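Visitor:
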Amino acid sequence: MHRSQQPAGVPPPAVLAAVDSRLAGSPGHELFTLRLQRWWPDLHDGLAAVYGAQAEATAVRLIELAVAAYTARDPELARLDLIRSLEPDWFQQPDMMGYAAYADRFAGTLAGVAERVGYLSELGVTYLHLMPLLRPREGDSDGGYAVADYRDVRPDLGTMEDLSALARTLREAGISLVLDLVLNHVAREHDWARAARAGEAKYRGYFHTFADRTGPDAYERTLPEVFPDFAPGNFSWDDDLRGWVWTTFNSFQWDVNWANPDVFVEYADILFFLANAGVEVVRLDAIAFLWKRLGTDCQNQPEVHAITQALHALTRIVCPALLFKAEAIVGPADLVHYLGQGPHHGKVSDLAYHNSLMVQIWSMLAAGDARLAARALGNLPPAPSTTAWITYLRGHDDIGWAIDDADAAAVGLSGHAHRSFLSDYYAGRFPGSAARGLVFQSNPATGDRRISGTSASLAGIEAGDDRGVPRVLLGHALAFGWGGIPVIWSGDELGLLNDPDWAAEPGHENDNRWAHRPRLTEATLARRSDPGTVAGRLFTGLRALVQARARVPHLDASVSSEIAPLADPGVLPVLRRHPLGPLLGLYNVTDSWRPFPFSRLEELGIADAWDALSDTGVRRGEDGDLWLAPYQAMWIV
Ligand code: GLC
Numbered sequence: 000m001h002r003s004q005q006p007a008g009v010p011p012p013a014v015l016a017a018v019d020s021r022l023a024g025s026p027g028h029e030l031f032t033l034r035l036q037r038w039w040p041d042l043h044d045g046l047a048a049v050y051g052a053q054a055e056a057t058a059v060r061l062i063e064l065a066v067a068a069y070t071a072r073d074p075e076l077a078r079l080d081l082i083r084s085l086e087p088d089w090f091q092q093p094d095m096m097g098y099a100a101y102a103d104r105f106a107g108t109l110a111g112v113a114e115r116v117g118y119l120s121e122l123g124v125t126y127l128h129l130m131p132l133l134r135p136r137e138g139d140s141d142g143g144y145a146v147a148d149y150r151d152v153r154p155d156l157g158t159m160e161d162l163s164a165l166a167r168t169l170r171e172a173g174i175s176l177v178l179d180l181v182l183n184h185v186a187r188e189h190d191w192a193r194a195a196r197a198g199e200a201k202y203r204g205y206f207h208t209f210a211d212r213t214g215p216d217a218y219e220r221t222l223p224e225v226f227p228d229f230a231p232g233n234f235s236w237d238d239d240l241r242g243w244v245w246t247t248f249n250s251f252q253w254d255v256n257w258a259n260p261d262v263f264v265e266y267a268d269i270l271f272f273l274a275n276a277g278v279e280v281v282r283l284d285a286i287a288f289l290w291k292r293l294g295t296d297c298q299n300q301p302e303v304h305a306i307t308q309a310l311h312a313l314t315r316i317v318c319p320a321l322l323f324k325a326e327a328i329v330g331p332a333d334l335v336h337y338l339g340q341g342p343h344h345g346k347v348s349d350l351a352y353h354n355s356l357m358v359q360i361w362s363m364l365a366a367g368d369a370r371l372a373a374r375a376l377g378n379l380p381p382a383p384s385t386t387a388w389i390t391y392l393r394g395h396d397d398i399g400w401a402i403d404d405a406d407a408a409a410v411g412l413s414g415h416a417h418r419s420f421l422s423d424y425y426a427g428r429f430p431g432s433a434a435r436g437l438v439f440q441s442n443p444a445t446g447d448r449r450i451s452g453t454s455a456s457l458a459g460i461e462a463g464d465d466r467g468v469p470r471v472l473l474g475h476a477l478a479f480g481w482g483g484i485p486v487i488w489s490g491d492e493l494g495l496l497n498d499p500d501w502a503a504e505p506g507h508e509n510d511n512r513w514a515h516r517p518r519l520t521e522a523t524l525a526r527r528s529d530p531g532t533v534a535g536r537l538f539t540g541l542r543a544l545v546q547a548r549a550r551v552p553h554l555d556a557s558v559s560s561e562i563a564p565l566a567d568p569g570v571l572p573v574l575r576r577h578p579l580g581p582l583l584g585l586y587n588v589t590d591s592w593r594p595f596p597f598s599r600l601e602e603l604g605i606a607d608a609w610d611a612l613s614d615t616g617v618r619r620g621e622d623g624d625l626w627l628a629p630y631q632a633m634w635i636v
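The sequence shown: position 127 = 126 (numbering that gives the first Met the number 0), numbered continuously.
(1) How should residue 649 be labelled, buried or exposed, when 16 other C-beta atoms within 10 angstroms of its C-beta is the threshold for buried?
(2) May I ask you to check if the CB of residue 450 is nearer than 7 Å to at least one heavy atom of the ligand GLC?
(3) Please check the pair residue 369 and residue 568, which I expect to be a contact at CB under 8 Å, by giving their CB distance rounded to whole angstroms.
(4) Since residue 560 sits in a beta bridge, which residues does DSSP pair it with?
(5) Taking the alpha carbon of residue 636 as the reference point, which residue from 38, 628, 587 and 575 has its own alpha carbon closest?
(6) Express the C-alpha separation of residue 276 and residue 148 in angstroms, rounding to a whole number.
(7) Any idea if residue 435 is buried or exposed, counting beta-carbon neighbours within 10 angstroms, 16 or more meaning buried?
(8) Quick check for students: name the residue ranges of the alpha helix (DSSP H) that lie wholly in the segment 213-260, counting only runs of 4 or more.
(9) Specify, as a first and last residue, the run of the beta strand (DSSP E) that residue 354 falls within.
(10) Can you tell which of 240, 216, 241 and 239 has the C-alpha that lies nearest to the C-alpha of residue 232?
(11) If you follow the beta strand (DSSP E) that residue 467 is part of, which residue opens it and which one closes it?
(12) Residue 365 and residue 425 - do their beta-carbons sit closer together than 8 Å?
(13) Considering only their Cβ atoms, is the gap separating residue 169 from residue 162 smaller than 8 Å?
(14) Excluding five sequence neighbours on each side, which residues of the same chain lie with their C-beta closer than 7 Å to the C-beta of residue 355?
(15) In angstroms, rounded to a whole number, what distance separates the CA positions of residue 1 and residue 150?
(16) CB-CB under 6 Å to residue 108, same chain, minus the five flanking residues each way: which ones, in chain order?
(17) Alpha carbons only, please: which of 72, 340, 99 and 141 is nearest the one belonging to residue 250?
(18) Which residues in the same chain as residue 120 place their Cβ atom closer than 7 Å to its Cβ, once the five residues preceding and following it in sequence are excluded?
(19) How about residue 129 and residue 100: do their beta carbons lie closer than 8 Å?
(20) Residue 592: buried (16+ other C-beta within 10 angstroms of its C-beta) or exposed?
(21) How many angstroms separate the CA atom of residue 307 from the CA atom of residue 72?
(22) Exposed or buried, which one is residue 3 when buried takes at least 16 other CB atoms within 10 Å?
(23) Taking all protein chains shown into account, decide if residue 360 is buried (16 or more other Cβ within 10 angstroms of its Cβ) or exposed.
(24) Mind checking which residues open and close the beta strand (DSSP E) that includes residue 633?
(25) Identify every run of the alpha helix (DSSP H) within the segment 274-311, keeping only runs that are complete inside it and at least 4 residues long; order them along the chain.
(26) Closer than 7 Å: is that where the CB of residue 358 sits relative to any heavy atom of the ligand GLC?
(27) Can you tell which of 353, 303 and 266 has the C-alpha that lies nearest to the C-alpha of residue 313?
(28) Note down the Cα distance separating residue 348 from residue 389, rounded to an integer number of angstroms.
(29) Judging by CA-CA distance, which residue of 433, 475, 559 and 495 is the nearest neighbour of residue 587?
(30) Would you mind working out which of 85, 127 and 336 sits nearest residue 105, comparing C-alpha positions?
(31) Counting only runs that start and end within the segment 153-209, where is the beta strand (DSSP E) found for 3 or more residues in a row?
(32) Per the DSSP calculation, residue 324 is bridged to which residue(s)?
(33) Can you give me the Cβ contacts of residue 185 inside the same chain, cut-off strictly under 8 Å, excluding the 5 residues immediately before and after it?
(34) Near residue 9, what residues of its chain come up, given a Cβ to Cβ distance below 6 Å and the 5 sequence neighbours on each side ignored?
(35) Return the chain-ordered list of same chain residues with a C-beta closer than 6 Å to the C-beta of residue 433, the five sequence neighbours on each side being excluded.
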């Protein structure tokens with residue numbers, strides 16, 4: 000058949016030949032071919048949108064690597080591929096619960112993590128995100144986000160074999176291993192960057208390099224700064240390179256050039272490698288920044304989604320058990336694109352961080368008011384029904400106040416003034432605030448001030464405020480009741496405070512995000528069993544949330560959350576219209592008793608209202624209202 004006559008959506012002969020020559024006669028031939036046919040249109044369209052005339056040749060190279068990875072896949076993982084293909088909604092179910100930690104700070108080494116599987120299971124964890132542990136550059140590595148070798152493990156944590164062994168141990172305990180794929184940049188010490196610095200043209204082409212300031216200056220006109228304090232600007236001069244190189248983050252993190260198909264092929268192969276090591280979810284770090292376009296902020300460009308779609312299709316062919324999680328800490332309007340909108344609907348990442356929800360939770364707790372959150376969250380388009388949000392109260396990063404000016408204006412606030420209020424509030428500089436956050440990356444040019452701090456320190460526990468524990472629990476109830484995979488940040492389940500010695504480690508002195516990345520000793524963990532301690536109260540409260548959640552099918556991620564009309568400005572009503580019937584989440588974000596009209600439950604068709612969170616009936620007060628205690632959450636079905 001001539002190419003021009005080839006039916007749309009069918010792999011071209013060169014691609015099929017690459018498969019047949021390697022797999023013909025082998026038992027896996029048919030399955031691979033079926034998957035290729037199924038996912039070819041996504042792969043093709045993604046590659047064509049980015050690489051145009053080079054797309055087909057790139058596809059042939061990719062399929063050769065795909066066949067090799069498919070053939071090498073461990074039979075146990077191949078079986079998991081089958082199981083997950085039979086149950087594609089496995090990650091959307093309400094018994095999913097995540098935990099995120101630095102392996103060393105949580106348990107010393109990878110072997111240490113394996114020893115703490117019992118602890119994780121006690122909490123109800125089914126998903127474990129271990130912070131970057133592939134071999135970073137020496138010295139400051141931005142918490143491992145400057146990777147020197149994607150195929151090796153940080154030596155003090157263990158080896159690649161230890162990683163695979165841990166993945167297996169976790170899988171046996173029903174826990175999926177989540178690892179970062181840092182795909183926007185590599186360390187200046189990565190082989191590609193070394194080769195570029197040694198003058199190899201091929202590898203110079205892996206990066207965005209400039210002989211003089213003309214290019215950088217043109218881009219800088221519209222580029223924001225991620226780390227204005229310790230890494231101002233987006234370009235770094237490199238003596239070896241005799242040029243400027245694009246460095247969005249630190250000067251030692253070199254942005255790779257995704258316009259070069261060789262870069263795509265390299266990362267596809269790294270993905271296969273990680274999947275075959277037993278990783279079940281890859282966190283696509285800083286994915287918003289992958290594509291650069293002059294005259295823009297170089298974030299959220301359409302090519303980012305085309306690239307993700309093509310990578311996703313490849314993993315569906317080789318290792319469909321693997322999920323993608325987008326780390327795009329962007330404004331509300333851009334966020335849902337990472338789960339797929341328009342032509343990319345359901346074809347890009349399976350998971351994405353719900354940064355807006357996190358920001359709005361802290362905003363509600365500071366203001367004691369749910370109106371801005373109702374407006375902002377109510378305006379978000381629904382996520383595709385085949386995807387899930389990652390919902391969380393805290394992570395390893397600072398909190399940036401991603402609040403949209405238009406949302407703020409719609410509820411009579413100034414976006415700028417509210418963001419300032421939140422920074423003041425969480426830095427403990429606002430009258431009456433018991434928060435003990437630290438200001439991160441104050442940017443005088445924009446007035447932006449982000450905040451570091453553990454949830455306990457931000458909620459007032461460090462300052463001894465009695466409202467602290469209920470606030471942390473309410474924040475988690477909101478995250479757990481939104482739908483998706485809730486993730487607890489290591490130490491938050493025990494109410495750990497900011498580490499006063501965060502700056503002591505060399506390389507950390509300018510980066511106060513280390514204040515909220517605490518170490519968990521055996522003694523700390525032991526406090527969970529003492530109901531008289533903050534740790535005991537939080538651990539027990541969070542476990543109860545996990546267990547309640549697992550019992551409520553309405554929280555399946557395939558159903559989106561809507562914001563119901565507010566009755567009291569201090570109570571956020573979150574409605575989930577599940578085929579089994581509605582679930583109404585009510586969240587009192589204030590420190591006083593607040594009402595919600597009982598008649599609203601009847602209007603929604605909720606008879607014999609039951610609070611699935613406390614597992615008790617819901618009673619109408621004498622005044623016709625339902626009353627919520629300070630910081631109380633209810634999941635009414
Ligand atoms: C992501 C990480 C952050 C890191 C950055 C650069 O935003 O969460 O910790 O600094 O990427 O890799």
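Glycine included, C-beta positions come from ideal geometry on N, C-alpha and C.
Quantities reported herein were computed from a predicted structural model and do not represent experimental measurements.
Guide: Answer, in terms of the structure:
(1) Because the chain is modelled from 0 through 636, residue 649 falls outside the range shown and cannot be assessed.
(2) no
(3) 6 Å
(4) 575
(5) 575
(6) 15 Å
(7) buried
(8) 213-219
(9) From DSSP, residue 354 is part of no beta strand (DSSP E) but of the alpha helix (DSSP H) over 354-366.
(10) 216
(11) First-last for residue 467: 467-481, but that is the alpha helix (DSSP H), not the beta strand (DSSP E).
(12) yes
(13) no
(14) 331, 334, 375, 376, 379 and 401
(15) Since pLDDT at residue 1 reaches only 45, below the 50 mark, its modelled position is unreliable, and no value is offered.
(16) 156 and 157
(17) 141
(18) 172
(19) yes
(20) exposed
(21) 22 Å
(22) Interpretation of residue 3 is limited by its pLDDT of 44, a score under 50 that renders its predicted location unreliable; the figure taken from the coordinates is listed afterwards. Exposed, by the Cβ-count rule.
(23) buried
(24) 632-635
(25) none
(26) no
(27) 266
(28) 11 Å
(29) 475
(30) 127
(31) 175-181 and 184-186
(32) 282 and 350
(33) 145, 146, 147, 191, 192, 252, 253 and 255
(34) none
(35) 459, 462 and 464
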